[in-house]
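Residue numbers (UniProt numbering): 1 to 239.
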């Protein structure tokens, strides 16, 4: 769909008529949609995106509309590795979150915890729109739009110092100045509903934003540095 949070496109899922108890999405080239296999983790074999480090959380933006009672967007994250010796999948990290209906884009976060030791080779994001059965009686329902996935990684104090970001003044009245030791690649400003109101791409360690044309209130500033690391800040605009 073109109804995106940022960029030109977003992912769109919907539940179609009765008898379809849920809609699944798996990332990767070969999604496996059948659950209930008697072989442990068999349903995870065909999906996944390469990864070599355990992330601390998954973030993204979503809208969930025309939702039937008691339904939620359910996001499950599997961080896994393949063990060739046993021809099996080993779960390294796991996370799961449930999120309610929303008419406007909202950010969601799924914490990922270490399940066992080992270096992962891929990550699976499983998305469900319902766990009910026969919930859509001759109609479509549970319209889910998702955009702007990102993975966050825990950083130590030394890395934080090396990647120091300054945002000032805050509160502000017209302009905000940004400085990043690693350089700034992209800046996004959103309102509290998650609607993007400004997006700029730049390649420098400093940036000045003119926000004088916006109403007073709280804005969310997202800074993506040249390493691809995303940082979020709450800005307060004064009259």
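Where a beta carbon is used, it is the ideal one built from N, C-alpha and C, also for glycine.
Answer yes or no: do residue i and residue j have a C-beta to C-beta separation smaller than 7 Å?
i: residue 191; j: residue 184; result: no
i: residue 51; j: residue 100; result: no
i: residue 47; j: residue 127; result: no
i: residue 143; j: residue 56; result: no
i: residue 2; j: residue 63; result: no
i: residue 188; j: residue 219; result: no
i: residue 217; j: residue 104; result: no
i: residue 80; j: residue 116; result: no
Beta-carbon within less than 8 Å of residue i's beta-carbon, same chain only, minus the 5 sequence neighbours each way: which residues are those?
i: residue 114; result: 54, 92, 93
What is the DSSP secondary structure of residue i, counted as helix, strand or coil?
i: residue 184; result: strand
i: residue 84; result: coil
i: residue 103; result: strand
i: residue 38; result: At residue 38 the pLDDT is 41, less than 50, meaning the model places this residue with poor confidence and gives no usable figure here.
i: residue 170; result: coil
i: residue 222; result: strand
i: residue 191; result: coil
i: residue 214; result: coil
i: residue 175; result: strand
i: residue 6; result: coil
i: residue 121; result: coil
i: residue 52; result: coil
i: residue 148; result: strand
i: residue 76; result: strand
i: residue 228; result: coil
i: residue 153; result: coil
i: residue 109; result: strand
i: residue 134; result: In this predicted model, residue 134 has a pLDDT of only 49, less than 50, meaning its place in the structure is not dependable enough to derive any value.
i: residue 59; result: strand
i: residue 115; result: coil
Closest by CA to residue i, which one among the options?
i: residue 178; options: 168, 186, 172; result: 168
i: residue 151; options: 78, 8, 9; result: 78
i: residue 213; options: 123, 129, 239, 142; result: 239
i: residue 226; options: 232, 204, 66; result: 204
i: residue 206; options: 166, 230, 218; result: 166
i: residue 236; options: 228, 229, 221; result: 221
i: residue 141; options: 89, 67, 199; result: 67
i: residue 234; options: 208, 172, 199; result: 172
i: residue 112; options: 118, 95, 102; result: 95
i: residue 130; options: 58, 49, 69; result: 69
i: residue 89; options: 118, 102, 65; result: 118
Between residue i and the rest of its own chain, which residues show a CB-CB distance below 6 Å, the 5 nearest in sequence each way excluded?
i: residue 149; result: 60
i: residue 202; result: 184
i: residue 97; result: 75, 110
i: residue 186; result: 201, 224
i: residue 210; result: 175
i: residue 4; result: 10, 147
i: residue 7; result: none
Considering only residues of the same chain and omitting the five flanking positions on each side of residue i, which have a CB-CB separation below 7 Å?
i: residue 164; result: 181
i: residue 208; result: 175, 177
Beta-carbon of residue i versus every beta-carbon of chain D: anything under 7 Å?
i: residue 108; result: Among the chains of the structure shown, chain D does not appear; only one protein chain is present.
Practice prompt. State whether the stretch 80-91 contacts the stretch 4-14, with contact taken as three or more CB pairs (one from each stretch) at a distance under 8 Å.
Written response: no
Practice prompt. Inspect the CB distances between the stretch 68-82 and the stretch 100-113 and report whether three or more fall short of 8 Å.
Written response: yes
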